[in-house]
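Position one of the sequence shown corresponds to residue 54 (this note's numbering), numbered consecutively onward.
Ideal placement from N, C-alpha and C gives every residue a C-beta, glycine not left out.
Here the structure is a predicted model, which means the values were calculated and not measured.
Scroll down for the structure; my scribbles are underneath it.
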Amino acid sequence: MIKQGNKSLITKKRTGWLWLAGSLICLLTSAANAQSTPDSLVNRCGVMDHERILQQRNPDRLRQLNELNNQIDQYLEKQQSLRQPAANVIYRIPIVVHVVHNNASNTIGGVNNVNISDAQILSQIQVLNEDYRRLPGTNGYNTSPIGADAQIEFYLATADPNGQPTTGITRHYYAQKSSFSIFDDDLLLSQIVYWPSDRYLNIWVTSIQDNYLGYTQFPTATDTLKGLPPRTNDLTDGSIIDYRVFGRQTGTVNRSLYLLGRTVTHEIGHWLGLIHPWGDANCGNDYVADTPPMADGSTAQQSCRQTFSNCDGKGQVRDLMENYMNYWPDACMNMFTSGQVARMRAVLVLNARRAKVVSTSASLPGSENLTIAVYPNPASSDPAVDVQLKGTQSFSVGLLDMAGRQLRTLSYTDVPSTRVILPVTGLSPGLYIVRVKTGSETVSKRLLVQ
Ligand SMILES: [Zn+2]
């Protein structure tokens, strides 16, 4: 394991990305009928193969990717040097799921029907929230000292780009193709349906060729709200997921190693800027200090079998099979590390398009007057505080004992109504006061810590 100590979060292995070293061999494993393909032949993640195409379209893209990595490094170094705890705002990301199918009857659900049911889609959203919130009592929970709650939540969009009510699910019959390639078909899928990627996380669910489970477009430093000429990358910004691995143990989900919805957890990790822990090279750089270095991990594992890398020269570095960004089966996974969480949250601040997705998602409705809700109450773990206010304001959330002593203070600058997490770990059981103050208003609530 890597010793963290005083080490910066981002000073690990600076060998750079070997972007073009993706496993082209995988492209030779095409099968006519993917449904009958054994799990051992799937291509776990198409990100690096797709990245080659993106860089061919835009020769400046590699520089833009590296620039974002540098910006993240600087941002996290500054946070560390200021000893600022990251503000515990919960980012909420609206998802639109576009189901693109070749089923002329437009029937929804059923055996091997790409036009998957709403229930299957909802099961996937639930998995995302369990995994990104490290939710106790679910598959996404862990007690690892390096594991962390990403404090990122997902929901199906409630308003379409015209402001009309929506289920956050769109369905499209496309007669000309029954399956899509990971190469240039991202453009085709975007032509079939696309919602602005600075307001939504677009996920296209369809049948993917060549046994790929999914792929995603990485954010870069120069992602603008309107994309970049000549080939605008905003139109293809999102994840494309095979219908056989979208959702958990329901509907068309039929791959025994990939039944638990972790393909999407992994792919959205890429959308939030995470790189495979082996840095797509042997003992390579993933720009995260607390993920152990590992040898090339691009061969999908067939069981939760522990392996070790020789990145320390002694063959004794334990591979983090629990990590969502690795290639172990779904059942082995339950963890993002603190370093990965810091990186994803930095992307939500630094990348213009991602920052707009979370800022316009209006995490909570606004309110004419300051109102707060604290729950669960009584609290046996860190409770959430929903702070609703008018427009965008600066405010503090304080935790006081009954004698009025301030025990905790969290400060937020220029944010809309939002949900924050109030740390109560280490406090004696008893009654406390939660006090939220803006420039002009103060509201308090009692909180019972158990
Ligand atoms: Zn991947």
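Rounded separation between residue i and residue j - CA only
i: G350; j: D295; result: 21 Å
i: E494; j: Q359; result: 54 Å
i: T303; j: V477; result: 37 Å
i: Q108; j: L288; result: 15 Å
i: G451; j: T277; result: 37 Å
i: Q133; j: A228; result: 53 Å
i: D290; j: S243; result: 9 Å
i: G326; j: D454; result: 40 Å
i: T424; j: D239; result: 44 Å
i: S260; j: L266; result: 9 Å
i: G368; j: P346; result: 11 Å
i: V496; j: K490; result: 7 Å
i: E130; j: N123; result: 10 Å
i: L313; j: I148; result: 19 Å
i: N166; j: N156; result: 8 Å
i: R371; j: R97; result: 21 Å
i: T275; j: D333; result: 22 Å
i: S234; j: G99; result: 10 Å
i: G419; j: V411; result: 15 Å
i: L463; j: P198; result: 23 Å
i: Q503; j: P189; result: 17 Å
i: A172; j: M101; result: 31 Å
i: S292; j: P330; result: 19 Å
i: D213; j: T219; result: 6 Å
i: N363; j: T191; result: 33 Å
i: N86; j: S231; result: For N86, the predicted structure reports a pLDDT of 38, less than 50, and the residue's modelled location is therefore unreliable. A value from the coordinates is still provided. If you take the alpha carbons of N86 and S231, they lie about 11 Å apart.
i: L378; j: E421; result: Note on identity: in this sequence residue 378 is Met, with Leu being the wrong assignment. When rounded, the distance between both Cα atoms is 42 Å.
i: G492; j: V468; result: 13 Å
i: D237; j: N111; result: 13 Å
i: L525; j: G221; result: In the structure displayed, the chain extends from 54 to 503; residue 525 sits before or after that span and is not available.
i: N159; j: A201; result: 41 Å
C-beta atoms of residue i and residue j nearer than 8 Å
i: H225; j: V246; result: yes
i: A353; j: N335; result: no
i: R406; j: S250; result: yes
i: R316; j: T390; result: In the sequence on display, residue 316 carries Thr and not Arg. No, the pair does not count as a contact, with Cβ atoms beyond the cut-off.
i: I125; j: V400; result: yes
i: V473; j: V427; result: no
i: L475; j: N430; result: no
i: R509; j: N195; result: Within the shown structure, residues of the chain are numbered from 54 to 503, placing residue 509 beyond reach of any answer.
i: T285; j: H323; result: no
i: L403; j: S470; result: no
i: S433; j: D92; result: no
i: W381; j: M374; result: yes
i: T223; j: H151; result: yes
i: Q206; j: R252; result: The residue asked about is misnamed: residue 206 is Glu in this sequence, not Gln. In this structure, R252 does not lie closer than 8 Å to E206 by Cβ.
Buried versus exposed, by CB contacts within 10 Å (16 or more), residue i
i: Y485; result: buried
i: G509; result: In the structure as shown, the chain begins at 54 and stops at 503. Residue 509 is therefore absent and cannot be evaluated.
i: Q204; result: buried
i: N264; result: buried
i: Q177; result: buried
i: G483; result: exposed
i: V180; result: buried
i: V164; result: exposed
i: D365; result: exposed
i: G300; result: buried
i: L118; result: buried
i: P272; result: buried
i: N168; result: buried
i: D383; result: buried
i: Q441; result: buried
i: R458; result: exposed
i: Q217; result: exposed
i: R116; result: exposed
i: V487; result: buried
i: D113; result: exposed
Bridge partner(s) assigned by DSSP for residue i
i: L484; result: L501
i: G291; result: N255
i: S464; result: S449
i: L209; result: I148
i: F299; result: Note: F299 sits in no beta bridge, so no partner.
i: I474; result: A437
i: H225; result: V153
i: T495; result: K490
i: Y428; result: A437
i: F233; result: I261
i: Q179; result: Partner(s): none; Q179 has no beta bridge.
i: P418; result: Answer is none; P418 lacks a bridge partner.
Any C-beta of chain B under 8 Å from that of residue i
i: W381; result: Going by chain labels, chain B is absent from the structure shown, which holds only one protein chain.
For the region 339-389, list the beta strand (DSSP E) runs that are entirely contained and at least 3 residues long, ordered along the chain.
-> none
Return the chain-ordered ranges of every alpha helix (DSSP H) run that is complete within the region 91-122 and spans a minimum of 4 residues.
-> 100-110
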